[in-house]
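Peer 1: Note that the numbering used here has the sequence shown beginning at 1, numbered continuously upward.
Take this structure first; my questions come after.
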Amino acid sequence: MMWVFRALGWVLLFASIAVLVDDSITALQTGTFRLVAAGELWYRLDAGSLNLLQSLIQRYVSSWAWDNIFVPVLLAPALVVLLVPSVVLLLLTRKRKRQRFF
Numbered sequence: 001m002m003w004v005f006r007a008l009g010w011v012l013l014f015a016s017i018a019v020l021v022d023d024s025i026t027a028l029q030t031g032t033f034r035l036v037a038a039g040e041l042w043y044r045l046d047a048g049s050l051n052l053l054q055s056l057i058q059r060y061v062s063s064w065a066w067d068n069i070f071v072p073v074l075l076a077p078a079l080v081v082l083l084v085p086s087v088v089l090l091l092l093t094r095k096r097k098r099q100r101f102f
């Protein structure tokens with residue numbers, strides 16, 4: 001089971017690097033550097049699933065959860081939203097060296 005979380009950490013790390021490269025290329029083209037928001041990236045990738053998540057959360061969980069938990073995460077830079085969980089997962093699942101006393 002540990003390898004699943006480790007693999008997920010690596011996938012998230014590579015996705016955050018891809019987002020950083022995309023932001024850098026966009027900055028070179030436009031002349032201004034701007035980190036893309038997580039919600040904007042999700043909307044670019046699949047707008048239907050973002051709208052579905054919003055309706056499900058607001059209808060079956062609560063509109064408070066959507067407004068106070070999900071919206072701030074979606075407004076945060078995608079680089080941070082992907083990088084923080086990847087670092088946490090990779091640190092928690094790192095292979096520790098065994099200490100030998102003799």
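We put the CB at the ideal spot given by N, CA and C, even for glycine.
Which same chain residues end up closer than 7 angstroms to Phe70 when comparing Cβ atoms and leaving out the 5 residues on each side of it in sequence?
Peer 2: The residues are Ile57.
Peer 1: From what residue to what residue does the alpha helix (DSSP H) around Ile25 run?
Peer 2: Counting along the chain, the alpha helix (DSSP H) containing Ile25 begins and ends at 2 to 30.
Peer 1: Quick one: complete alpha helix (DSSP H) runs, 4+ long, within the region 30 to 75?
Peer 2: Listed in chain order, they are 38 to 56, 71 to 75.
Peer 1: Taking only the alpha-carbon atoms, compute the straight-line gap between Leu50 and Arg100 and give it to the nearest angstrom.
Peer 2: Straight-line Cα distance between these residues: approximately 51 angstroms.
Peer 1: Does the distance from the C-beta atom of Ser16 to that of Leu83 stay below 8 angstroms?
Peer 2: Yes, Cβ-Cβ distance for Ser16 and Leu83 is below 8 angstroms.
Peer 1: Just to check my reading of the structure: Ala78 and Ala37 have Cβ atoms closer than 8 angstroms, yes? What is that Cβ distance to the nearest angstrom?
Peer 2: With a Cβ gap of about 6 angstroms, Ala78 and Ala37 count as contacting.
Peer 1: Starting from Pro85, trace the alpha helix (DSSP H) in both directions and tell me its first and last residue.
Peer 2: Start and end: 78 to 92.
Peer 1: With 16 other CB atoms within 10 Å as the buried threshold, where does Val11 fall?
Peer 2: Flag for Val11 reads exposed.
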